[in-house]
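Below is one structure, written out as C-alpha cells; the observations come after it.
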Amino acid sequence: MNLDLFLQYMVAGVTYGTIYGIVAVGFNIIYNATGIINFAQGEFVMLGGMTAVTLGRFLPLPAAILVAVLITMILGALLEILFIRWLHRPSVLRMIVITIGLSILIREAALHIWGESVRALPYFTGNSVTSIQLGGVYISPQVLWVVGISAVVVLILGGFFRYTLLGMQMRACAANRDAARLCGISAKNMVTFSFMLSAGIGALGGCIVSPITYVQYDSGVPLAIKGFTVAILGGLGNSLASVGAGMLLGILESLSISVLPAAYKDVISVAILLVILFVRPSGLFGSSEVSRLKEFG
Amino acid sequence: MRGRNGIIVAIVALALLVGAGVQAAEPIKVGAILAVTGPASFLGGPESRTLKMLAEEVNAKGGINGHKVELIIMDSGANPEKAVSFAKQLIEEKKVLAILGPSTSGETMKIKGIAEEGKAILLSCAAAEVIVNPVAKWVFKTPQKDSDAIQVIFNQMKKMKISRIGVLSGNTGFGKAGKGQIEKLAPGNGITILASEVYDKASTDLTAEVTKLKAANVEAIVNWSIVPAQSIVIKNARQIGFIGPIFQSHGFGNIKYVEAAGVAAEGVIFPAGRLLVAGVLPDSNPQKAVLLKYKNDYEKKYKEEASTFGGHAYDAFMILAKAIEKAGSTDKEKVRDAIETMRGFVGTGGVFDFSAEDHNGLGIDAFELLTVKDGKFALYGK
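Residue numbers (this note's numbering), protein chains in the order written: chain H, 1 to 297; chain C, 298 to 679.
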C-alpha cells in the first residue's frame, strides 16, 4: 500500500472516528455528572439533525443549526425534569431501562413527526462532489468542518469545566455529590444542566455530520452503540480520552477494510471492545480507582 | 312466551336472519405484510400507501364482482420473524384469500414455505430471484428479475467497452442476491470483478470501501443495494476522485436517493421500470397510460413522488383483482390458476406474462436504462 492510499484510509478513519467521538463526549458528560449511561444519547444526535433540516427551510443554515441545538437542549432538560429528577437513588439497571425506554419514545415521536424518509442538511461549503486534494488524498470539505468544529467543541468544553463557575460546580457534583451539596451547589440543577449540555453537543454533532451521511428517525441507534463503545474504550467519564479512542477505533476500522472484507468492519470494533473489557475494563486511558467511585444518588 | 306472541317473535327473528344473510356480500379479505416502519420503510411506506389508495378506489366502485375488499395491512418492520408470525396469523386466523408483500426478499424467503403449506396466494413485492426459482405453486412476485437487471447493465458495459469492475453490495437479502447473480453472470459476459465489498445498511461513511475499489483500478463501479446507504457510496466515490461510470441497481428507483446523493448522482446509470420516466415515453408504449394514472393518483393523494417500489404493490393488487374477476369467484385454487394463466397484463413494472414455470412474468424488456440529469430521472442515451 503506498503512502497516498494509506493517507486516504486515515482520512476515512478520522471521519468515522470524529463522529463516534462526538457521541461519546455526550455520554461522558452525563455519566460524569450523574453516573447514568444515557442510552437516549443517539436520539439527541438524530433530533439535532432532523430539526435543523426542518428549520433549514425557513432559516439560513447557521441560524437553523443554532435553533435546532437550542431546541434539543431544552428537550434534554425537559426529559431530565420529567423522567429522572424525581427518582430517589435509583439503581443502575433501573436507569438503563428508563433511558432505553426514552430512546424508543423519542424514536416513535420522530417517526410520527417526520415520517420514515431520509433527510440531509446541505453541505456547509461546496456540495456532494467537491473535494480538496492534498497530494494524492481527497478530503471532502465537510470532513474538515466536522473535525474542526469537534475540536473547537472539545476545547471549549475543557475550558468550561476548568475555568467557569458552573463548570467547576458540575465537576464538584461529579466528584462527590454530598460534599457539593454541603457547599450549597444544587445537585439537582447540575444534573439537569448536564443533560442540556449533552443534548446540545449531540445535536451539534448531528447537524455537522448529516451532510456526509443522512438522518432518519432511527439513525440514532447505531450511533449510540458505536459512541458507547468508544466511551468505554477511552475510559468512561473522560471526554478527551473518548475523542482519542474514537479516532483510534475509526482508524483501526478503516485500515481493517484494506486487508479484510468490509463486512468485518463491525466485527473489528466489537472484538476490540471485548478485548479491552477483559484486559483493562477501566478503558485505555481511565484509571481503575476512579471508575469504581462513580455512583448516582 | 305465550302462544301467538311467541310465533310473531319467531317469524320476525327468522325474517331478520334471512334478510341479514341476503344483504351482506362477503368482503374479500386481502392481507398485506409490509415494512412500513423500520429499515425498509422506503419500500413499505409507498407500498402501504399504494394499497390503501387502490383498495379505496376499488371499493368506491362497488368492489370486485360486487364484493368489497377488506385490506389488512400488518407492519413487519422488515423483521423476518414478525413476517413469519403475521403470515401464520393472516392465513390461519384471518383466513385471507391472498397475502400481498412482504417488502423485502429476506422476509419473503422466510414465509415462502408457510404460504405453500397453508395454500395461500403470496404476491411478493420483493425482488430476489430465489423467490420464484424454484417455482412454488402459490408464490408469485411482481418486481422484475435481478438477473435481467444485471444483464441490462452488462449489455451497456459491453457497449462502453468496460471489462474490469468493482462491486459494492448492501448486506440485505436484495444486495446478497444481486451480488450472487453478478458473480454468476460476469464471466459469460466477459466482465472481471476485481474487487467486491459488502457494506452495512446502517453505514454512515463508506470512503474506505470505495478507496479499496479505486485502488484496484476498476473501470466502473456497480453499487447493488436497496438501502439509503447506497447514496453515500455515490457521494464518497466522487469525493475521492473516482471518475468512471457508477451503475446502480433498480433499487435506486426513488427520487429521495437522488436527493440524498446530491450533485454526485449526476450521470449514474441504472436499469428500472418505466414508471420513473412515464411522462417522456412515446404514446405508443403500452404501459404509458397505466403508469401516468398511477403516478398522478399517487402524487395527488400523498404529495410525494411515486417510486417503483410502490409500483410493485400496485402490480400485486391489480393482478390479484384481475384474477378474482377472471375466476369469477373467491375460491383460492381458481384465483391462483387465474394468476398463473394471465398473459399480457399491463402493470407498472412491465407487461406480465405468467405461466406455470414463470411466476414472475417479466423479462428483460421490462427494464429501461435510466440516468440522472439535473437531479431528475431521465432516459439514458436520449
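No residue lacks a Cβ here, since even glycine has one placed at the ideal position from N, Cα and C. It should be emphasised that the depicted structure is a prediction, and the values quoted were computed from it without experimental measurement.
Quick check: residue i and residue j, are their CB atoms within less than 9 Å of each other?
i                      : j                      : result
residue 634 of chain C : residue 647 of chain C : no
residue 360 of chain C : residue 332 of chain C : no
residue 83 of chain H  : residue 71 of chain H  : no
residue 531 of chain C : residue 514 of chain C : no
residue 562 of chain C : residue 522 of chain C : no
residue 153 of chain H : residue 173 of chain H : no
residue 242 of chain H : residue 231 of chain H : yes
residue 10 of chain H  : residue 113 of chain H : no
residue 69 of chain H  : residue 207 of chain H : yes
residue 534 of chain C : residue 543 of chain C : yes
residue 387 of chain C : residue 614 of chain C : no
residue 127 of chain H : residue 559 of chain C : yes
residue 503 of chain C : residue 491 of chain C : no
residue 652 of chain C : residue 637 of chain C : yes
residue 40 of chain H  : residue 93 of chain H  : no
residue 37 of chain H  : residue 96 of chain H  : yes
residue 212 of chain H : residue 143 of chain H : yes
So is residue i in contact with chain C if we call contact Cβ pairs under 9 Å?
i                      : result
residue 283 of chain H : no
residue 111 of chain H : yes
residue 149 of chain H : no
residue 128 of chain H : yes
residue 253 of chain H : yes
residue 8 of chain H   : yes
residue 242 of chain H : no
residue 219 of chain H : yes
Nearest to residue i by alpha carbon, out of the options?
i                      : options                    : result
residue 18 of chain H  : H:266, H:245, H:260, H:273 : H:245
residue 27 of chain H  : H:79, H:201, H:250         : H:201
residue 620 of chain C : C:551, C:586, C:631        : C:631
residue 253 of chain H : H:172, H:207, H:119, H:270 : H:270
residue 501 of chain C : H:155, H:222, H:73         : H:222
residue 463 of chain C : C:518, C:529, C:559        : C:518
residue 396 of chain C : C:345, C:442, C:441, C:654 : C:345
residue 433 of chain C : C:408, C:455, C:440        : C:408
residue 593 of chain C : C:579, C:581, C:370, C:574 : C:574
residue 448 of chain C : C:590, C:582, C:569        : C:569
residue 480 of chain C : C:493, C:455, C:470, C:471 : C:493
residue 413 of chain C : C:402, C:424, C:422, C:428 : C:428
residue 669 of chain C : C:526, C:440, C:330, C:551 : C:551
residue 526 of chain C : H:43, H:119, H:276, H:170  : H:119
Could you confirm whether any beta carbon from chain H is found closer than 9 Å to the beta carbon of residue i?
i                      : result
residue 464 of chain C : no
residue 319 of chain C : Confidence is the limiting factor: at residue 319 of chain C the pLDDT is only 46, short of 50, which leaves the residue's position unreliable, though a coordinate-based value still follows. Not closer than 9 Å to any Cβ of chain H, the Cβ of residue 319 of chain C fails to qualify, so no.
residue 553 of chain C : yes
residue 561 of chain C : yes
residue 520 of chain C : no
residue 512 of chain C : yes
residue 330 of chain C : no
residue 670 of chain C : no
residue 528 of chain C : yes
residue 499 of chain C : yes
residue 557 of chain C : yes
residue 342 of chain C : yes
residue 350 of chain C : no
Report the neighbours of residue i on chain H: residues whose CB is nearer than 8 Å to its CB, in chain order.
i                      : result
residue 339 of chain C : 116, 117, 118
residue 502 of chain C : 12, 15, 16, 19, 212, 213
residue 472 of chain C : Under the 8 Å cutoff, chain H gives no residues; its nearest Cβ is about 11 Å from residue 472 of chain C.
residue 334 of chain C : 111, 116
residue 468 of chain C : 263
Starting from residue i, find everything on chain C with Cβ-Cβ shorter than 8 Å and list it in chain order.
i                      : result
residue 216 of chain H : 525
residue 5 of chain H   : 508, 512
residue 163 of chain H : Chain C residues near residue 163 of chain H: none, gap ~34 Å exceeds 8 Å.
Can you name the residues of chain H whose CB is closer than 7 Å to the CB of residue i?
i                      : result
residue 496 of chain C : 262
residue 532 of chain C : 128
Run down chain C in chain order and give the residues with a C-beta less than 7 Å from the C-beta of residue i.
i                      : result
residue 257 of chain H : 505, 506, 509
residue 222 of chain H : 499
residue 103 of chain H : Simply none; closest approach about 15 Å.
residue 140 of chain H : 536
Could you work out which residues of chain C lie near residue i, taking near to mean beta carbons separated by less than 9 Å?
i                      : result
residue 131 of chain H : 535, 536, 537, 538
Exercise for review: Pick out the complete alpha helix (DSSP H) segments inside the stretch 426 to 472 of chain C, 4 residues or longer, and give them in chain order.
Suggested key: 443 to 456
**Study point:** In chain order, each alpha helix (DSSP H) run of at least 4 residues that lies wholly inside the stretch 564 to 645 of chain C
**Key:** 585 to 599, 605 to 624, 629 to 637
Point to revise | Those runs of the alpha helix (DSSP H) which lie wholly inside the stretch 491 to 533 of chain C and span at least 4 residues | key: 504 to 512
**Study point:** Contiguous beta strand (DSSP E) assignments of at least 3 residues, all confined to the stretch 201 to 240 of chain H
**Key:** none
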